[in-house]
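Below is one structure, written out as C-alpha cells, with a few remarks after it.
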Amino acid sequence: MNKRVAIVEDEPHIVESLRFILNRAGHDVIVADNGDAAIEIVKNDSPDIMVLDIMLPIKNGFEVLKWIRSQTRYRSLPVLMLTAKGQDKDRNTATSLGVDAFIAKPFSNDEVVDCVNRLLVAERPGG
Amino acid sequence: MLSTNVALVTSLLYVALLFLIAFYSERTTNEGYRRLLRSPAVYTLSISVYCTSWTFFGAVGSAVRTGLDFAAIYLGPTLIFVGWWFFLRKLVRIGKAHRITSIADLISSRYGKDPRLAVLATLVAVVGTTPYIALQLNAITTSFGVVSRSAPLSGAPDITTAFWLAIALATFTILFGTRNVDADEHHPGVVAAIAFEALVKLIALISVGLFVVFGIGGGVVSVFSLPEAQEVLKSEEAFGSRWMVLTMLSAVAIICLPRQFQVTVVENADERGLLTASWLFPTYLLLISLFVLPIAIVGLSTMPAGSNPDMFVLTLPMSERQDLLALFVFIGGFSSATSMVIVASIALSIMVSNHIVVPITLWLKRDSVKRSSDLRTILLTSRRFSIAGILLLGFLYFASSTQSDALASIGLIAFAGVAQFMPSIVGALFWRNGTALGATWALGAGFVIWLFTLLLPTFAGESGALADMIKHGLFGYELLKPYELFGLKGFDPLSHSLFWSLIVNSALLVLVSLATTQKPLERLQSALFVDVYRNVAGQEGRLIRRSATVDDLYILAQRIMGVPDATELFRNHAREQDIEGDMPLPDAAFIAQLERRLAAIIGGASARVLVSQVAIGETISLDEVIELVDETQQVLEYSQRLEQKSTELEQTASQLRYANEQLREMDARKDEFLSQVSHEVRTPMTSIRSFAEILRNTDNVDSEQNKRFLDIIHDESIRLTGLLDEILELGRLESGQMSMTLDQIDPEQSLQRALETSLGLAEASGVTLTSRVRTGSADVLAEPDRLTQVFINLISNAIHYNTSDSPRVEIESRLVGDRYEAIVSDNGPGIPANERDLVFKKFATGWSPGRDGHSGTGLGLAISNEIVKAFGGELLLVEDSDVAGATFKVSLPLAV
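If you read the protein sequences in the order shown, they are chains A and B.
Heads up: the first sequence at position 109 corresponds to 109 in the working numbering, and the numbers run straight through without jumps.
Heads up: the second sequence at position 773 corresponds to 773 in the working numbering, and the numbers run straight through without jumps.
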C-alpha cells in the first residue's frame, strides 16, 4: 500500500526533485509551501510521514513540528527535517522538539529515501 | 538694688563653683563623666573661649559704633572651621605627634627646634596677648562698677578695682592651672571649667537678648522697626574693604591666638572632636551673636544719650529693675573674661617657662646638669610667676593706654599682633624649604612693624613724644609715621598695619629661607611636619644617632617627669626591648622617645638642649634625612603616578570593553552572515545535487524530463553564480573598496535606461509598466551604470513580487527642494509592517514568494542601498498603509 508523504518546502525546484525521487520509491506526495499549509495538510490529508524544511513562510518548520507534537491525534507522525543551515543549534532545537530524523541540504537522494522508508517501517501505532 | 557686696559675693561663689568643677574633673574616676570630658561637645565649648568679654559686652558696642563690623569677628572663625578644616586637622595631628606644648613650641620645633626662635615667638605671644588681657580687666571692672552702681554709667573704669581684680585673677589662675606639672600638658579640669563657663556666657547673653527683645522691645518686628534700627543697619562700613580685613583677621586669629592654640591643639583629647567642632562651633557663634543687633537697637532707643554701649547688655535689664537678670549677665560677662584670662595666661606661662626660664636655668647651671636637681620646682615656680607677670602686664597696659573706652579696638590690636604667627605656621605645615633664620626674620620684622604702627600709638596722649611721633614720624622722618608708613595713606590704622606687617613678614620668610641652607635638623623636622600623615614621629631614632648612659638619661628624666613617671617609662621600654630589669638599652630610638616625652613638658627646644647635655656623639645622618625627604617625595610621586596609571588603565579598560563589545557584535553579525550565505548557497546546491543524482542514477527518464532537469541544474548554477557575485559586490561596497567615479549626470537617463531594460521582464510577467510625471532634466553626482542598476533592481523587485491580478508598476520622478526623487511603486501585496525595518538588510527576502515562486537572494536592496549611500543619497521605503503595494523612493542631492 502506498504511503502518503507530505513535503513542506518553499523552493519549487527542491519540491520537484523530492516529488520525483519519492514517487519513484513508490510513495504518494502532497506538498505545502508554508507552515500554515503544512498544518492544514496534517489535519485534512492524514499523511504517513512529513519531510519538513525549517525556513518557511508564515510558520517555520520548528513551529509546525511543535504544533504536531502538541496534538494528541498527530503527535506520532514521523517527521524528517531538512535544513540548509545545517547548524548544530538547529539540530539540537529539532531534537528537543521531538524530530525523528534530520538531514542537511544538499542531501543525497538515497539518504532521504532510505530515511523515509525507515521511519515508515518504524511508524508508531495509531499514526 | 544690687550692692558691691552682692556682686562680689556672687563672683566669689561662682569662682568657687568653677574650682569644684575643675577639681572634680581631675580627680573623678566616674567613667561616664570622663567620657563626657573627652566628648566633642566639651571640646567645642572649650574652643568657645574665643568669645571673650569683647564678644559678650563689646559686640553690642561695636554694633552701635560701626554697624555690622562685629559680624566679621564671627564670620572669620566660621570660615576656618567649615572651610579650612584640613588645616586644623593637620595642626592637631602635628601637635599630638610631636607633643607640642604651645604655638611658640610649634614654630620653634618645626624650624629645627631653634631656642632663639622660641624666645621670639614667646615674646610676640606675650606682647600680643597683653592688650587682650587688659581688655578683660577693663570689661570686668566696668561691668562690676555698673552692676554695683559704684560708678556712673558713662564713667571711666576704676583703676583700683582693676588692680585687685588682676591680683585675684592671677591667684585664681595659679591655683587653677599650675597645681602640678602633668606628664603631658593636658588640663582636663581647666577644660571642664572653661566649657562650663562657655555655657554660662551663652545662656546669659541669650537670656538678656530674649528679655530685651520681648520684655522691652515688644517683639522682633517692633525692635527692627525702631528708628534706631536704621542707624545700626545702614552702616556704610558694612561689607566694605575694612569688613573683609576684619573677617580675614579673625580667621587668622582663631588659629594664631595662643589660647585658641592651647584649647584646639594642645588640650585636644581626640582628633575626631574637630569633626563635630567644625559645625558645632560655628553654631555656637551664631547663637551668641543672635541678639547683638536687637540689644544695640533697643539700647540706642531707650538708654540716655552718652551711655556706654559696651554695657547695654547690663544696663538695659538694670534700667527695667531686673536685678537678678543683671546679676546673671554680670556673671556671664565675668565668665567670658575669666575663661580667656585663665587659658591665655596658662598658655603664655607655659611658653615663658619652657622657652625662656628653663633655657636660662640650664645655661646658668650648665656645670651641674648631671646632678639630680629637680627642674619641676623651677617649672612650677616659673609658671606661677609668669602668670602673675602676664596679668601685671595686662594691668599696666590697661592703666596706661588711652583708648580703653572701646573694647573692640583693643581686641583687634591683639588679633593683629598674633596674626604675625600666620606666615610661619602656614610655612610650617605646607612648605618644606622654610628655615629658622627665615622664620626669625619674618616674625621679628612683622612684630616690630605691628608694635610701631599699632600698639605704640595706643599709648599716645594728646601731646608728648609719642603724639609728636605720630604727627611727624620717627625722629622726624616723614616716611616713618606710624599711621602712614612709607607714605602709604588712605587706610585705617588696622588695615595699614596689617598690610605692612604681613607683607614684610611673608616676604622675609620666603626670601631669607630661600637664601639660607637648611640645617640637617631643620630638614628633618620639615619632613616630619609637612608630611605628618606619612612620616610618623617615631622615626627620629633612625635619623639622629647619639648615645648616652642609661643612668644619665634616667636622672634627666626624673628631674623633669618625676620619679614615678620616669621609672615607668624606662621599665616599659626595657620590656619592649625584652630586657630583664628596669633599665632599657639607651639606643638612639629610646633617646628620641625620651626627648619627645620631655618635649611634652618643657617644649621641643629645651628638651633637645637637655638631652644634648647627656648624649654624646650626636650626628644627624644627612643621607638618611635626604632619603626620608626623598622617600616621601618619591612615595608621593609614585602614588600620583599610580593614580594616573590607574586612571589611564581604567580608561583603556573601558575602551577595551567597548571594542570587545563591538567585536562581539561584529562577530555575531559575521556568524549570522555566514550562516545566511551558507543557507543561500545550499539552496541552489540542493537542487543541483539532487537533479544530478536523479539523472545519474535513474535509467528511464524520458527526454522531456531529462531536458527539464538539466534546465533546472543550469538555472540554479546561474542563480548560484549571481548570488556569489552579489555577495562579493556587497562586500566591496560595504568595505568602501569599490571605486566609484562620481560624475555630474542626469539621473533621468539612467531611469530611462532601466525602464527600457525592464520592459521585457514586465511583458513576460504580464505587468503593466507605466511612467508618470517626470522631471525632464536635472543633474546629480553619481555613476550612471550603478544608478541604472539601482533603478533596475527596484523595478524588477516591483514586477517580481507583484502577485496582484492586474499587476501594475508605476515610475515617477520629481524635484523637491534641492533633491531629485525617483519613485517606484506597485500594487502588489506590499511589505508587512513588521518587515519594513528589515528590507534593506542582507538576505532579508521576506516570506511572500514572487511570481514564479522563487524569492530573491535578499541582497539586491542591500546593494542598492549601499550604492545610493555612496552617491550621498537615500533609498527609502515610503510607508503609506492606505495604498496597496510597496513604494520605494531614491532621493539624491542635486549637483550644485
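Yeah, the Cβ is synthetic: ideal placement off N, Cα and C, and Gly gets one too.
The model shown is predicted, which means the values in this text are computed figures rather than measured ones.
Expected contact under 8 Å - CB spacing of residue i and residue j to nearest Å
i      : j      : result
B:G828 : B:N802 : 4 Å
B:S386 : B:L348 : 7 Å
B:P317 : B:F211 : 6 Å
B:Q577 : B:L585 : 6 Å
B:A548 : B:I616 : 7 Å
B:Y74  : B:S289 : 5 Å
B:A125 : B:I103 : 6 Å
B:L723 : B:V681 : 7 Å
B:T686 : A:I14  : 5 Å
B:G885 : B:S825 : 6 Å
B:F196 : B:T44  : In fact, because the Cβ distance is near 13 Å, the residues do not count as touching under 8 Å.
B:P40  : B:T276 : 3 Å
Residue i beta carbon near the ligand ATP (any heavy atom closer than 8 Å)
i      : result
B:P747 : With respect to the ligand ATP, the structure offers nothing, as it holds no ligand at all.
Run of the beta strand (DSSP E) containing residue i, from where it starts to where it stops
i      : result
A:I30  : 28-32
B:L781 : 780-782
B:D552 : Taken as a continuous stretch (DSSP letters only), B:D552 belongs to no beta strand (DSSP E), being part of the alpha helix (DSSP H) at 550-561.
A:V5   : 4-8
B:D105 : Per DSSP, B:D105 belongs to no beta strand (DSSP E); it is in the alpha helix (DSSP H), 103-110.
Bridge partner(s) assigned by DSSP for residue i
i      : result
A:M81  : A:L52, A:F102
B:R808 : B:T768
B:A878 : Before going further, note that residue 878 of chain B is Val rather than Ala in the sequence given. B:V878 is bridged to B:T887.
B:Y820 : B:L815, B:L892
B:I616 : B:S547
B:Q262 : Paired residue(s): none; B:Q262 is not in a bridge.
B:D826 : B:V809
B:D743 : B:A782
7 Å CB neighbourhood of residue i in its chain, flanking five on each side removed
i      : result
B:I560 : L375, R376, L598, I601, I602
B:S782 : Note on residue identity: the sequence assigns Ala, not Ser, to residue 782 of chain B. Within the same chain, B:A782 has close Cβ partners L742, I745, P747, F871, L892.
B:T173 : V341, I342, S345, I346, I387
B:L761 : S796, I799
B:I146 : The sequence as given places Val at residue 146 of chain B; Ile does not occur at that position. Once the five neighbours on either side are set aside, the close Cβ partners of B:V146 are L153, M311, L314, T315.
B:L137 : A162, L165, A166, G394, F395, F398
B:K519 : G112
B:E672 : none
Sequence-distant residues of the same chain with beta carbon closer than 8 Å to residue i, five excluded per side
i      : result
B:Q260 : I47, V49, Y50, A253, I254
B:L894 : A778, D779, V780, L815, D818, R819, Y820
B:I718 : none
A:G35  : V8, L56, P57, I58, K59, N60, G61, E63, V64
Close-in-space but distant-in-sequence residues of the same chain around residue i (CB under 6 Å, 5 per side omitted)
i      : result
B:D114 : S108, A436
B:K869 : none
B:Q963 : Because residue 963 of chain B is not part of the residues shown, which for chain B are 1 to 896, the question remains open.
B:A118 : A104, S108, H355, A605
B:V512 : L437, G438, W441
Bounding residues of the alpha helix (DSSP H) (the contiguous stretch that carries residue i)
i      : result
A:R24  : 12-24
B:E271 : Counting along the chain, B:E271 falls outside any alpha helix (DSSP H), and DSSP gives it neither H nor E.
B:C256 : 241-256
B:V119 : 115-147
B:W441 : 436-450
A:C115 : 109-121
A:R91  : 88-97
- request: Determine, using beta-carbon pairs with one atom in the segment 11-31 of chain A and one in the segment 107-120 of chain A, whether at least three such pairs fall under 8 Å.
  value: Contact holds: three or more Cβ-Cβ distances are below 8 Å.
query: Is there contact here, the segment 417-424 of chain B with the segment 126-144 of chain B, by at least three beta-carbon pairs under 8 Å?
result: Verdict: yes, contact present.
- request: Report yes or no: do the segment 321-340 of chain B and the segment 195-212 of chain B share at least 3 C-beta pairs separated by less than 8 Å?
  value: Taking a cut-off of 8 Å for Cβ pairs, the segment 321-340 of chain B and the segment 195-212 of chain B touch, as three or more such pairs fall below it.
message: Using 8 Å as the cut-off, can you tell me whether the segment 430-444 of chain B makes contact with the segment 515-526 of chain B, which would need three or more C-beta pairs spanning the two stretches below that distance?
response: Three or more beta-carbon pairs separated by less than 8 Å link the segment 430-444 of chain B to the segment 515-526 of chain B, which places the two stretches in contact.
message: Under 8 Å, with one C-beta from each stretch per pair, do the segment 658-677 of chain B and the segment 699-716 of chain B reach the 3-pair mark?
response: Counting C-beta pairs closer than 8 Å gives fewer than three between the segment 658-677 of chain B and the segment 699-716 of chain B, which falls short of the contact rule.
field: contact_flag[the segment 289-302 of chain B, the segment 55-74 of chain B] where n(CB pairs < 8 Å) is 3 or more
entry: In short, these stretches touch, since the Cβ pair count reaches three.
Cβ contact (3+ pairs, closer than 8 Å) linking the segment 239-247 of chain B and the segment 86-105 of chain B: Segments in contact, no.
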